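Asker: To convert a position in the sequence shown, counted from 1, into this note's numbering, add 865.
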Amino acid sequence: PLAPPVKNFTLNFTITNLQFTADLQKPNSRRFKSTEKVMYHYVSLTNSSLLGHSSLSISQVLPSWGHFAYFHNRDDTGVDAVCSCRDEPSDPKFNRTTIYHELSKMTNGITKLGHYSLNSQSLYVNG
């Protein structure tokens, strides 16, 4: 049997306690790599929690390695994370509104992602 199709989507959010520096735009820099590793961990944990404790049943919602981008957003750091999920035939169809609301719950009202503080108005799910 064929594998279910993969759906890509982007999470955008702003971290208020990670000062933006130019090395966050250089994928080979030590700071980019260490931040990417932490982001992958937190976004993956959030997604694992989403799948285990929510109404979502979309399989394998994970950020893709090498698909984080950081940008200057005033004094804060904006994050774009490309994620993907497998659309299993038995699962509900991908719904960005549902994912937004579940992520909001998992990040304490879009305020915390691990040790990072988030701008509560910054979460956007594009897909």
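Positions of the beta carbon are idealized from the N, C-alpha and C atoms, including for glycine.
If you're wondering where the values come from, they're calculated on a predicted model, not measured in any experiment.
Taking the straight line between their C-alpha atoms, what separation do you get for Asn882 and His980?
Answerer: In a straight line, the C-alpha of Asn882 is about 9 Å away from that of His980.
Asker: Look at the alpha carbon of Cys948 and the alpha carbon of Thr886, and state the distance between them as a whole number of angstroms.
Answerer: Roughly 24 Å separates the two Cα atoms.
Asker: Could you please give the first and the last residue of the uninterrupted beta strand (DSSP E) stretch that includes Thr879?
Answerer: Residues 871-880.
Asker: Does the beta-carbon distance from Leu876 to Tyr935 come in below 8 Å?
Answerer: Not a contact, by the Cβ cut-off of 8 Å.
Asker: Met904 and Phe933 - do their beta-carbons sit closer together than 8 Å?
Answerer: Cβ atoms of Phe933 and Met904: closer than 8 Å.
Asker: Can you tell me which of the three DSSP states Asp941 falls into?
Answerer: Of the three classes helix, strand and coil, the one that applies to Asp941 here is strand, per DSSP.
Asker: Excluding the 5 residues preceding and the 5 following Tyr989 in the sequence, name in chain order all residues of the same chain whose CB lies nearer than 6 Å to its CB.
Answerer: Answer for Tyr989: Asn877, listed in chain order.
Asker: Based on the DSSP secondary-structure assignment, which residues constitute the bridge partners of Leu993?
Answerer: Residue 993 lies beyond the stretch modelled for the chain, which goes from 866 to 992, so this question has no answer here.
Asker: Closest to Phe897 by CA distance: which of His966, Pro870, Val871, Thr942 is it?
Answerer: Here the closest residue by C-alpha is Thr942.
Asker: Measuring alpha carbon to alpha carbon, tell me which residue in Asn973, Gln986, Thr962 is nearest Phe874.
Answerer: With distances taken between Cα atoms, Phe874 lies closest to Thr962.
Asker: Who does Leu978 pair with in a DSSP beta bridge?
Answerer: Note: Leu978 sits in a beta bridge opposite Tyr981.
Asker: Pull up the distance between the alpha-carbon of Leu978 and that of Ile964, whole angstroms please.
Answerer: Rounded to the nearest angstrom, the two C-alpha atoms are 15 Å apart.
Asker: Identify, in the order they occur along the chain, each residue of the same chain with its Cβ nearer than 6 Å to the Cβ of Ser987, setting aside the five sequence neighbours on each side.
Answerer: Contacts found: Phe878, Thr879.
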